[in-house]
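Here is the structure we will look at, set down as structure tokens.
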Amino acid sequence: MKNYGTLILTYTLVLHMRLTSEWRGKRAATLSIVGFSGVLSAFGGLILF
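Residue numbers (this note's numbering): 984 to 1032.
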């Protein structure tokens, strides 16, 4: 359940920032990379523990 929450929250934040604040290009790419690494760490933590 935590993994899906992290996934939904991360990509909702990315979409919100791109649509409302007009984050494009490097800022949006950086936010996507940070979000993707957060999702990977959540999945990795679930598998390990």
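For each residue, glycine too, the CB sits at the ideal point set by N, CA and C. Computed from a predicted structure; not experimentally measured.
Apply the 10 Å Cβ neighbour rule to residue i and answer buried if 16 or more other Cβ atoms are within range, or exposed otherwise.
i: T1013; result: exposed
i: T995; result: exposed
i: T993; result: buried
Under three-state DSSP, which class holds residue i?
i: R1001; result: helix
i: R1010; result: helix
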